[in-house]
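The opening residue of the sequence shown carries number 243 in the numbering used here; numbering runs sequentially from there.
For every residue, glycine included, the Cβ atom is placed at its ideal position computed from N, Cα and C.
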Amino acid sequence: MTSETVSGAQAPTGVVSLTTDYGLADGFVAACHGMIARIAPAVRVIDVTHLVPPGDVRRGAAVLAQTVPHLPTGVHVAVVDPGVGTTRRGIALATPDGILVGPDNGLLLDAAGALGGVADAVELTNPQWRAPRVSATFHGRDIFAPVAARLAAGAPLGGAGPAVDPATLVRLPEPVVEPRSGGFTAEVLTVDHFGNVQLAAPAALLAPLPGRVRVSPAGNREAIEAVHGRTFGDAPVGALVAHADSADRVALSVNGGRAVDLLAARPGRLLRVEEIPTTGPALGPYA
243 MTSETVSGAQ
253 APTGVVSLTT
263 DYGLADGFVA
273 ACHGMIARIA
283 PAVRVIDVTH
293 LVPPGDVRRG
303 AAVLAQTVPH
313 LPTGVHVAVV
323 DPGVGTTRRG
333 IALATPDGIL
343 VGPDNGLLLD
353 AAGALGGVAD
363 AVELTNPQWR
373 APRVSATFHG
383 RDIFAPVAAR
393 LAAGAPLGGA
403 GPAVDPATLV
413 RLPEPVVEPR
423 SGGFTAEVLT
433 VDHFGNVQLA
443 APAALLAPLP
453 GRVRVSPAGN
463 REAIEAVHGR
473 TFGDAPVGAL
483 VAHADSADRV
493 ALSVNGGRAV
503 DLLAARPGRL
513 LRVEEIPTTG
523 PALGPYA
């Protein structure tokens with residue numbers, strides 16, 4: 243394996259990670275593993291997750307960006323690709339701490355930022371780096387996995403295809419974050435397996451708020467009191483807690499329960515977190 247540098251980007255070291263919405267009931271993931279093993283049997287594969295909700299590019303982007311800084315320097319393949327088989331490009335992005343491979347639909351750019359930013363970008367057009375026959379609906383197996391295997395084995399980024407201007411890469415819309423006096427409104431970014439609700443707001447917006455806050459859907463007068471805490475156990479069992487999560491974003495959790503159910507939250511919904519006024523309508527139940 244090589245460790246050469248591409249325009250200041252550290253080349254991968256024999257590791258490929260996979261993040262997809264393929265699920266575990268079919269053979270899609272195994273086919274990607276198999277393609278990598280056929281081309282570069284010495285490369286180690288790390289499965290991040292294959293349970294991204296189908297077609298949820300925003301969720302896939304968040305999971306990828308929050309995970310790749312903790313993985314070995316390598317090639318990170320992400321496939322949440324509702325536009326597969328259309329004119330959307332397949333791309334590889336070199337960063338100071340690894341290479342990202344996947345569709346040009348906004349999925350990769352937050353992760354590229356987490357790895358130091360895009361140093362080089364290419365479009366995956368080299369037919370020699372693809373499977374002999376390319377399915378119109380399975381580019382993960384037929385394009386992204388073969389490209390990743392070659393890059394992880396030390397092939398140069400430029401071998402995958404021509405350079406792309408990073409300014410032309412597709413970007414997801416910026417999530418809503420609106421600071422205000424005594425609190426903020428923010429978009430629900432993701433909901434995890436435990437029902438914890440992650441907001442797009444950075445944890446710094448929560449830090450100055452007092453030990454009790456209220457949480458409500460934007461524009462809705464109904465609110466639920468929450469403990470402003472450090473971890474789940476800072477609130478009584480069954481109570482809502484607002485805290486900084488492991489990605490340094492504001493999260494809403496229920497000690498021993500599911501905040502997503504209590505708040506009827508879903509990705510894209512706006513929630514308001516703010517100080518509890520001394521006068522006004524009664525809050526919802528503490529728990």
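Taking Cβ to Cβ, would you say A481 is nearer than 8 Å to V492? Counting from 1 along the sequence shown, the entry for residue 481 is found at position 239. Counting from 1 along the sequence shown, the entry for residue 492 is found at position 250. It is not a contact, given that the beta carbons lie outside the stated cut-off.
Go ahead and label S488 buried or exposed: buried means 16 or more other beta carbons lie within 10 angstroms of its beta carbon, across all protein chains shown. Within the sequence shown, residue 488 is the residue found at index 246, counting from 1. Exposed, because fewer than 16 other Cβ atoms sit within 10 Å of the Cβ of S488.
Assign R301 to one of three DSSP states: helix, strand, or coil. The residue labelled residue 301 in the question sits at position 59 within the sequence shown. Reduced to three states, the DSSP call for R301 is helix.
Would you grab the beta carbon distance between E464 and R454 for me? Rounded to a whole angstrom, and I think it's under 8 Å. For the purposes of this step, residue 464 is identified with residue 222 of the sequence shown, where counting begins at 1. For the purposes of this step, residue 454 is identified with residue 212 of the sequence shown, where counting begins at 1. 17 Å between Cβ atoms; not a contact.
Whose C-alpha, out of G276, R508, L293, D503, is nearest the C-alpha of R286? Within the sequence shown, the letter at position 44 stands for residue 286. Of the listed residues, the one whose Cα sits closest to R286 is G276.
Based on DSSP bridge pairs, tell me the residues matched to H470. Position 228 of the sequence shown holds residue 470. Beta-bridge partners of H470 (DSSP): A484.
Given G297, which residues of its chain have a CB within under 7 Å of its CB, disregarding the five upstream and five downstream residues? The residue labelled residue 297 in the question sits at position 55 within the sequence shown. Excluding its 5 nearest sequence neighbours in each direction, G297 has C-beta neighbours in its own chain below 7 Å: D263, V322, P324, listed in chain order.
Cβ-based neighbour list, V257, same chain, cut-off 6 Å, excluding 5 preceding and 5 following: What you label residue 257 is simply residue 15 of the sequence shown in a count that begins at 1. Closer than 6 Å at Cβ, skipping near neighbours: R286, P314, G316.
Please work out which residues of its chain come closer than 7 Å, Cβ to Cβ, to R330, disregarding the five sequence neighbours upstream and downstream, and give them in chain order. To locate residue 330, count along the sequence shown from 1; it is residue 88. Answer for R330: P345, D346, N347, listed in chain order.
Give the DSSP bridge partners of E429, in chain order. The residue given as residue 429 occupies position 187 in the sequence shown. Answer by DSSP bridge pairing, in chain order: L512.
In chain order, what residues of the same chain have a beta carbon less than 8 Å from the beta carbon of G526, not counting five sequence neighbours either side? As a first step, residue 526 must be located in the sequence shown, where it is residue number 284. Reliability of the predicted coordinates at G526 is poor, the pLDDT of 49 falling under 50, and the value obtained from them is presented with this limitation in mind. Within the same chain, G526 has close Cβ partners E464, A465, I466, E467.
For V378, name the three-state secondary structure that DSSP assigns. Here residue 378 corresponds to residue number 136 of the sequence shown, with the count starting at 1. The sequence shown places Ala at residue 378, rather than the Val named in the question. Coil, per DSSP.
Hey, would you say R500 sits closer than 8 Å to S458, going by beta carbons? For the purposes of this step, residue 500 is taken as residue 258 along the sequence shown, with counting starting at 1. For the purposes of this step, residue 458 is taken as residue 216 along the sequence shown, with counting starting at 1. Contact: no.
Counting C-beta neighbours from all protein chains within 10 Å, is the total for F426 16 or more, i.e. buried, or is it exposed? In the sequence shown, counting from the first residue as 1, residue 426 sits at position 184. F426 should be labelled buried.
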